[in-house]
Amino acid sequence: MELKGRTAVVTGGGSGIGRALAHAFAREGMRVALADVDEAGMAEVAGAIRAEGGEALAVPTDVADLASVQALADRAFAAFGRVHVLCNNAGVATSGGIEQATHRDWQWVLGVNLWGVIHGLEAFLPRMIAQKEPAHIVNTASMAGLIASQGLGVYNTSKYAVVGLSETLAKDLRPYGIGVSVLCPMGVSTRIGESERNRPAALANPTPTAAAPVELIGRFLAPEAVAGMVLDAIRANRPYVITHDEGLEPLRKRFQRMERAILEGKR
Numbered sequence: 387m388e389l390k391g392r393t394a395v396v397t398g399g400g401s402g403i404g405r406a407l408a409h410a411f412a413r414e415g416m417r418v419a420l421a422d423v424d425e426a427g428m429a430e431v432a433g434a435i436r437a438e439g440g441e442a443l444a445v446p447t448d449v450a451d452l453a454s455v456q457a458l459a460d461r462a463f464a465a466f467g468r469v470h471v472l473c474n475n476a477g478v479a480t481s482g483g484i485e486q487a488t489h490r491d492w493q494w495v496l497g498v499n500l501w502g503v504i505h506g507l508e509a510f511l512p513r514m515i516a517q518k519e520p521a522h523i524v525n526t527a528s529m530a531g532l533i534a535s536q537g538l539g540v541y542n543t544s545k546y547a548v549v550g551l552s553e554t555l556a557k558d559l560r561p562y563g564i565g566v567s568v569l570c571p572m573g574v575s576t577r578i579g580e581s582e583r584n585r586p587a588a589l590a591n592p593t594p595t596a597a598a599p600v601e602l603i604g605r606f607l608a609p610e611a612v613a614g615m616v617l618d619a620i621r622a623n624r625p626y627v628i629t630h631d632e633g634l635e636p637l638r639k640r641f642q643r644m645e646r647a648i649l650e651g652k653r
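Using our numbering, you'd call the opening residue of the sequence shown number 387 and step up by one each time.
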């Protein structure tokens, strides 16, 4: 898919992978619409893109709120006319076992990580289909959406859902010429470990859960390296962006366990 002269929308664009994606798209000659609850971070990214001669729109957006994402879509289409790449990238994390999770943990994490993706699709997809032009959707999941990592129960659940949604979406959108990639990183140098800074007061825990040990971190990659992999996947219409070689062996073992379960079940 050709990127130059087209438009990308990036949620969670104020920091981390979203920030790197926004800059990468701008360097390719794309117009970029940024969305985030971190208005200062998002404004900084948009300003840097404009300073380098690019076009950027910054729209304060809470992806957990459908009306907010619909307003983002209205602004993006009004400013740029078309949207060719949608990156449902905003994400948060909380640690701890499922037995420790509060209802507010589930509301917050699923609201951003899963409903944020769904809201992006609801707000943008009908108009992207109506364009009848090549387009691509990138949904940010995690290696924790492919391999269950102890200590991240709520987060794992949200990311497994995003993987399943993305795999199904790719099949559903094939007739329309819209590609879908699901991004499954392991360790990336972002501020997701500081997600509580953006947690709504209404969903705050009276007593915060203590951090738990987390598996499957691997090397920490720069967000810019991940953004480069995403752009390559968009161009090649690859369904998965798995950033770390360290994920190969756990994935192989998982599918071996499944194969063994099938064979043992026939005895």
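The beta-carbon is built from N, C-alpha and C at its ideal position, and this holds for glycine as well.
Beta carbon of residue i nearer than 8 Å to that of residue j
i              : j              : result
glycine 399    : arginine 405   : yes
tryptophan 494 : valine 478     : yes
leucine 532    : valine 548     : no
histidine 522  : valine 455     : no
isoleucine 435 : methionine 514 : no
valine 524     : cysteine 473   : yes
valine 566     : proline 512    : no
alanine 487    : glycine 539    : yes
isoleucine 359 : threonine 526  : This structure leaves residue 359 out entirely; the chain is present only between 387 and 653.
alanine 465    : leucine 443    : yes
arginine 387   : proline 520    : A quick correction: the sequence has methionine, not arginine, at residue 387. Yes, these two residues count as a Cβ contact at 8 Å.
Cα-Cα separation between residue i and residue j, rounded to whole angstroms
i              : j              : result
leucine 458    : glutamate 645  : 44 Å
valine 574     : asparagine 475 : 14 Å
alanine 432    : glycine 651    : 55 Å
glutamate 425  : glycine 579    : 19 Å
glutamate 508  : serine 552     : 14 Å
serine 528     : tryptophan 501 : 16 Å
glycine 427    : arginine 417   : 18 Å
asparagine 584 : leucine 649    : 47 Å
glutamate 610  : threonine 543  : 26 Å
N- and C-terminal bounds of the alpha helix (DSSP H) containing residue i
i             : result
arginine 404  : Going by the sequence as given, residue 404 is glycine instead of arginine. Looking at the DSSP string, the run of the alpha helix (DSSP H) that includes glycine 404 is 402-413.
leucine 500   : From DSSP, leucine 500 is part of no alpha helix (DSSP H); its letter is neither H nor E.
aspartate 422 : From DSSP, aspartate 422 is part of no alpha helix (DSSP H) but of the beta strand (DSSP E) over 417-422.
valine 455    : 452-466
alanine 587   : Run containing alanine 587: none; DSSP gives neither H nor E here.
valine 549    : 539-559
valine 469    : It is not in any alpha helix (DSSP H) - valine 469 carries neither H nor E in the DSSP assignment.
valine 616    : 609-622
Residue i, buried or exposed, once every other Cβ within 10 Å from all chains shown has been counted against 16
i              : result
glutamate 414  : buried
aspartate 618  : exposed
lysine 545     : buried
proline 385    : Absent from the model: residue 385. The displayed extent of the chain is 387 to 653, so no value can be given.
alanine 622    : exposed
arginine 605   : exposed
arginine 653   : exposed
isoleucine 484 : exposed
Residue i: first and last residue of the uninterrupted beta strand (DSSP E) it sits in
i           : result
proline 446 : 442-446
glycine 565 : 564-570
alanine 394 : 393-397
Nearest-angstrom beta carbon gap, residue j and residue i [assumed within contact, 8 Å]
i           : j          : result
alanine 688 : valine 395 : No answer is possible for residue 688: it lies beyond the span of the chain, which begins at 387 and ends at 653.
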